[in-house]
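One structure below.
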Amino acid sequence: MPVKMRLARHGRKRYAYYHIVVADSRAPRDGRYIERIGTYNPNTDPATIDLDFDKAYDWLVKGAQPTDTVKAILSYKGVMYKKHLMGGVKKGAFDEAEAEKRLESWIAEKEAKIQAKIDRLAGDAAAEAKKQMDAETKIKEERAAAIAARDAELAAEAEAAKAEAEAEASAEAAEEATEAQAEETEAEEAPKQEGAES
Numbered sequence: 096m097p098v099k100m101r102l103a104r105h106g107r108k109r110y111a112y113y114h115i116v117v118a119d120s121r122a123p124r125d126g127r128y129i130e131r132i133g134t135y136n137p138n139t140d141p142a143t144i145d146l147d148f149d150k151a152y153d154w155l156v157k158g159a160q161p162t163d164t165v166k167a168i169l170s171y172k173g174v175m176y177k178k179h180l181m182g183g184v185k186k187g188a189f190d191e192a193e194a195e196k197r198l199e200s201w202i203a204e205k206e207a208k209i210q211a212k213i214d215r216l217a218g219d220a221a222a223e224a225k226k227q228m229d230a231e232t233k234i235k236e237e238r239a240a241a242i243a244a245r246d247a248e249l250a251a252e253a254e255a256a257k258a259e260a261e262a263e264a265s266a267e268a269a270e271e272a273t274e275a276q277a278e279e280t281e282a283e284e285a286p287k288q289e290g291a292e293s
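Residue numbers in the sequence shown follow our numbering, run continuously in steps of one, and reach 293 at the last position.
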């Protein structure tokens, strides 16, 4: 039975994630499988890979053929490197302890690279958020300044209108006072004229 290590698609449209499975090559892509050995989610950055290292290695040694994508995932996680090292142990190039040591140092280096990428992406996201916040703050300050200028202009206009109304009121009051005084003067002069006539 030709056995393959491949991806089985899951998830919704345009947001797929995959199960890494060992299946008969004649079975449908998302159909029956022998064993599930991990998951792969390409929607995150970096992609999330959860792999059972030992099961993947066992199936690889037994002769299961990985597809191109699964082979890339196995290389990324170090399963292919372990197979390569164990080939060196079989040939007598070095012992198993040396192979384990090399594998551990390789995995530690790989983890450091992945963590550095995650930190860099987080730093970029924080810088972008800060930049956006600064831009929004600047826009808010400009709006506040424009509103304050408009309010000051409206207050000046209201002050001018009030002063004009007061000036008109005082002018009317002065005019009325002048008219009243003229009337009083006429009223005083009228009895004098009547007295003069009699």
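Each residue gets a CB set at the ideal place from its N, CA and C atoms; glycine is no exception.
is_contact[residue i, chain E] using C-beta, thresh 9 Å
i: E259; result: Reference to chain E is not applicable here, since this structure consists of a single protein chain.
Rounded C-alpha distance that separates residue i from residue j
i: V165; j: Q227; result: 39 Å
i: H114; j: K235; result: 48 Å
i: A194; j: D219; result: 38 Å
i: E237; j: A253; result: 24 Å
i: R104; j: K150; result: 20 Å
i: A269; j: Q276; result: 10 Å
i: T280; j: E267; result: 20 Å
i: Y135; j: M181; result: 26 Å
i: Y112; j: A203; result: 26 Å
i: A211; j: R109; result: 28 Å
i: E231; j: K257; result: 38 Å
i: G126; j: S120; result: 11 Å
Same chain, Cβ closer than 7 Å to residue i, five either side skipped, listed in chain order
i: K177; result: Y152, L198
i: D147; result: I132, G133
i: V184; result: D190, E191, A194
i: A247; result: none
Contact belief for residue i with residue j at Cβ below 8 Å, rounded distance in angstroms
i: Y171; j: I213; result: With 8 Å as the limit, Y171 and I213 do not qualify as a contact, their Cβ atoms being about 15 Å apart.
i: I209; j: P137; result: Wrong, their Cβ atoms sit about 15 Å apart, outside the cutoff.
i: G173; j: K205; result: 7 Å
Residue i, DSSP secondary structure in three states
i: T143; result: strand
i: K99; result: strand
i: G187; result: coil
i: D163; result: helix
i: I132; result: strand
i: D119; result: strand
i: R107; result: strand
Contacts around residue i, its chain only, beta-carbon distance under 8 Å, and the 5 residues preceding and following it disregarded
i: T162; result: K99, M100, R101, L102
Proximity test, residue i beta-carbon vs the ligand GTP heavy atom, cut-off 8 Å
i: E270; result: As far as ligands go, the structure on display features none, and thus does not contain the ligand GTP.
Neighbourhood of residue i by C-beta, 6 Å cutoff - its chain only, sequence neighbours within 5 removed
i: E130; result: V117
i: P97; result: S120
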